[in-house]
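Numbering (full-length UniProt numbering), first residue to last: 1 to 322.
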Amino acid sequence: MRGMVPNLERVAVTPGAHATMAAIFSIIAKPGDRVLCEQITYPGLRNIAGRFGLTLVGVARDADGMLPHALERAIEEHGPKALYLNPTLQNPTTHTIPETRRLELAEVLRRHALTLIEDDAYGFIPAKAPAPIALSAPELTWHIGGLAKCIGAGLRLAYTVAPTAKCAFRLAQAIRALAVMPSPLSTALVTQWIEDGTADRIRRFIRAESAARQAIARDALDGFEFQSAENAFNIWLALPKGMGRADIVARLAGRQLGVMPRMHLPCQGHRRNACGSAWADRSPAKPCARTFIFWEIRLARTHIWARSRHGRCVFHIGRLPR
Numbered sequence: 001m002r003g004m005v006p007n008l009e010r011v012a013v014t015p016g017a018h019a020t021m022a023a024i025f026s027i028i029a030k031p032g033d034r035v036l037c038e039q040i041t042y043p044g045l046r047n048i049a050g051r052f053g054l055t056l057v058g059v060a061r062d063a064d065g066m067l068p069h070a071l072e073r074a075i076e077e078h079g080p081k082a083l084y085l086n087p088t089l090q091n092p093t094t095h096t097i098p099e100t101r102r103l104e105l106a107e108v109l110r111r112h113a114l115t116l117i118e119d120d121a122y123g124f125i126p127a128k129a130p131a132p133i134a135l136s137a138p139e140l141t142w143h144i145g146g147l148a149k150c151i152g153a154g155l156r157l158a159y160t161v162a163p164t165a166k167c168a169f170r171l172a173q174a175i176r177a178l179a180v181m182p183s184p185l186s187t188a189l190v191t192q193w194i195e196d197g198t199a200d201r202i203r204r205f206i207r208a209e210s211a212a213r214q215a216i217a218r219d220a221l222d223g224f225e226f227q228s229a230e231n232a233f234n235i236w237l238a239l240p241k242g243m244g245r246a247d248i249v250a251r252l253a254g255r256q257l258g259v260m261p262r263m264h265l266p267c268q269g270h271r272r273n274a275c276g277s278a279w280a281d282r283s284p285a286k287p288c289a290r291t292f293i294f295w296e297i298r299l300a301r302t303h304i305w306a307r308s309r310h311g312r313c314v315f316h317i318g319r320l321p322r
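Printed below as a string of structure tokens:
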């Protein structure tokens, strides 16, 4: 449980992070309520918030992540119901909030008694990930330890630690209404894998494989500006000047490289041209900012490799050439 040792009455086995987040929002918020998040946040959050009629408000950040004073100001200004964070290998920026900043954010949350939804999907992958924020503010935090990234997406399971036993009971009721229950077969399989060491072997494989694919990406994209992390599943690439999202999607069409054309989060005060797999930051503070693309490296039984063709980098998904 990433260093946590909660009372078992606070722990719930839930049918994946998405269903868990939906169930939590059904408990703590109503249509029209506001939820704080990072200015660039997990795109699935936007879909869930839209379903529940919630307004997402982006909070300013620096190189270490969300700014504590900006969080405090947003709480006072917007009166939110919760803060959502994906603090380790954040999707899509690959950023990890360092431990010192996590402690500072937890202090602000405790001062204002604000609920935190900590989506720790990637927390089990790095060898030395910072401790969850839930350790510093357990009475306020819904910690979601999804298994999709660290074991397998098809399992659709998560271990969720609620702030209190009462909250865990309400979560179980909400899950029952939304999804009936987590799959008993998946739960039994994961339990066996954890007990016999299979889960840890899979996690170690994913850790090594993600690092290897990041090395391929760094080599293939030498000379380009991008953000990444050793065990991240994607890179955050600044597109060349003059190239927009439509241009890059068209160029990659038919090249066996999966580009995810999804709408990322345009939070209040942070307008974004967000149609497709890339977007331009046109916030008032940055009228001529760069355009970015989000490329996800999927962990499957295939490999991603790159070679040069007529001076251009060509990506392939398939077996490595012999």
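No residue lacks a Cβ here, since even glycine has one placed at the ideal position from N, Cα and C.
inquiry  = For Arg156, which residues in the same chain have their Cβ closer than 6 Å to its Cβ, ignoring the five residues on either side in sequence?
reply    = Pro15 and Gly16
### Query
Given that a residue counts as buried once 16 or more other Cβ atoms are within 10 Å of its Cβ, and exposed if not, what is residue 371?
Lying outside 1 to 322, the shown extent of the chain, residue 371 is not represented and no answer is given.
(Q) Short of 6 Å in beta carbon distance, which residues of its chain neighbour Met21, apart from the five on each side in sequence? Order them along the chain. (A) Ile48
- prompt: In whole angstroms, what is the alpha-carbon distance linking residue 324 and His69?
  reply: Since the first residue shown for the chain is 1 and the last is 322, residue 324 is missing from the structure and cannot be characterised.
* Asked: Does the region 159 to 168 come close enough to the region 6 to 13 that 3 or more CB-CB pairs lie under 8 Å?
  -> yes
Arg10 in three-state terms, based on DSSP:
helix
| request: Quick one: using the 10 Å Cβ neighbour count with 16 as the cut-off for buried, is Pro87 buried or exposed? | output: buried
- Item | Close beta carbons around Cys37, own chain, < 8 Å, minus the five adjacent residues each side | Closer than 8 Å at Cβ, skipping near neighbours: Leu45, Leu56, Val57, Gly58, Val59, Leu83, Tyr84, Leu85, Leu265 and Cys267.
* As assigned by DSSP and simplified to three states, the class of Ile194 -> In the structure shown, Ile194 sits in a helix (DSSP, three-state: H, G or I).
Practice problem: Would you tell me roughly how many angstroms separate the C-alpha atoms of Ile28 and Asp222, rounded to the nearest one? | Solution: 46 Å
Self-check item: Residue of Asn91, Ile248 and Gly254 minimising C-alpha distance to Pro240
Solution: For Pro240, the nearest C-alpha among the options comes from Ile248.
Using DSSP bridges, identify the partner residues of Arg61.
Met66
DSSP three-state call for His143: helix, strand or coil? strand
Q. Given that a residue counts as buried once 16 or more other Cβ atoms are within 10 Å of its Cβ, and exposed if not, what is residue 323?
A. Coverage of the chain is limited to positions 1 through 322, which leaves residue 323 absent and any answer about it impossible.
**Message:** What would DSSP say about Val180, mapped onto helix, strand or coil?
**Reply:** coil
Item to check | 3-residue-minimum beta strand (DSSP E) runs that sit fully inside the region 94 to 181, ordered along the chain | outcome: 115 to 119, 141 to 146 and 158 to 161
Contacts around Phe52, its chain only, beta-carbon distance under 6 Å, and the 5 residues preceding and following it disregarded
Phe25
Unbroken stretches of the alpha helix (DSSP H), 4 residues or longer, contained in the region 25 to 53:
43 to 51
Quick check: what's the CA-CA separation for Met181 versus Ala158? 12 Å
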